[in-house]
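Under numbering that gives the first Met the number 0, the first residue of the sequence shown carries the number 0, and numbering increases by one thereafter.
What follows is one structure encoded as structure tokens, with my remarks underneath.
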Amino acid sequence: MKARDTGDNIKGGIMGNMKYNIDNRSNFRGAGCVGNRGAGCQGAGCTGAGNACNADNEAISPVIGEMLMLTVVIILVALFAASTSSFIPADRDPTMNVLVGEVSADNHNVTLWHKGGDVIPMSSMKVIIGNGKERKTFMDGNFVINGNTDLRNFRPGDSMVVSTGEDIRGEDITVVVGNTVVMYGRIKGAGD
0 MKARDTGDNI KGGIMGNMKY NIDNRSNFRG AGCVGNRGAG CQGAGCTGAG NACNADNEAI
60 SPVIGEMLML TVVIILVALF AASTSSFIPA DRDPTMNVLV GEVSADNHNV TLWHKGGDVI
120 PMSSMKVIIG NGKERKTFMD GNFVINGNTD LRNFRPGDSM VVSTGEDIRG EDITVVVGNT
180 VVMYGRIKGA GD
């Protein structure tokens, strides 16, 4: 009868060395530690469970990389927003075509006609009448639109009477909306 090989006679061979390395891996990691734990963990310094090569350190590089990428994206978005904000058009000044119409029989009132452009709120409009040093400014309370004192907006097609209370024949007239001069002209008398 032939004796069976139970594997006990191989312990000193290749299998025996592998078993030794597997059983003692917590004491000596060797080159296997380099690939699994990073550049700071090499050779015989990688022994024991409490060494510097714990798996907890593996996430540091990806987190730092993500933070750097996020920082770059935020900076690029800020630069893009700053550069595109210069292309946004500024608020434009209102435009209006005004025609100086007739003067009342007593030469105290002048009629202005809105011939086109933006709707102008009366609160933002003023009429300056005068020559040289004597100039008078007339505002909202002096305006009557289309014969109605309740109207608050000067629209295209409307007429507006400016009540001055004095003779304004031959005076210069300036219509200002906000800070923009929209019309400048000279007032003719009733019989001129």
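For every residue, glycine included, the Cβ atom is placed at its ideal position computed from N, Cα and C.
- L111 has V99 and M159 as its beta-bridge partners, per DSSP.
- Collapsing the DSSP output to three states places G188 in coil.
- Of the other Cβ atoms in all chains shown, 16 or more fall within 10 Å of the Cβ of L111; this residue is therefore buried.
- Between the beta-carbon of P155 and that of G116 there is about 7 angstroms, and that keeps the pair under the 8 angstroms contact cut.
- With a cutoff of 8 angstroms on beta-carbon distance, R168 and V102 are scored as near each other.
- The beta carbon of T136 sits closer than 6 angstroms to the beta carbons of K125 and I127 from its chain, once the five residues preceding and following it are set aside; these are given in chain order.
- DSSP, read as helix, strand or coil, puts T70 in helix.
- Scanning its chain for C-beta atoms nearer than 8 angstroms, with the 5 sequence neighbours on each side dropped, one finds around G129 the residues K135, E170 and D171, in chain order.
- The Cβ atoms of S122 and V176 lie no closer than 8 angstroms to each other.
- The Cβ atoms of V161 and T94 lie no closer than 8 angstroms to each other.
- Around the C-beta of T163, 16 or more other C-beta atoms lie within 10 Å, and the residue is accordingly described as buried.
- Secondary structure of N178 (DSSP, three-state): coil.
- Burial check for V76: the Cβ neighbour count within 10 Å stays below 16, so the residue is exposed.
- Taking F153 as reference, the option from E133, K114, Y183 and K187 with the minimal CA-CA separation is K114.
- Shown here, D139 sits in a helix according to DSSP, grouped into three states.
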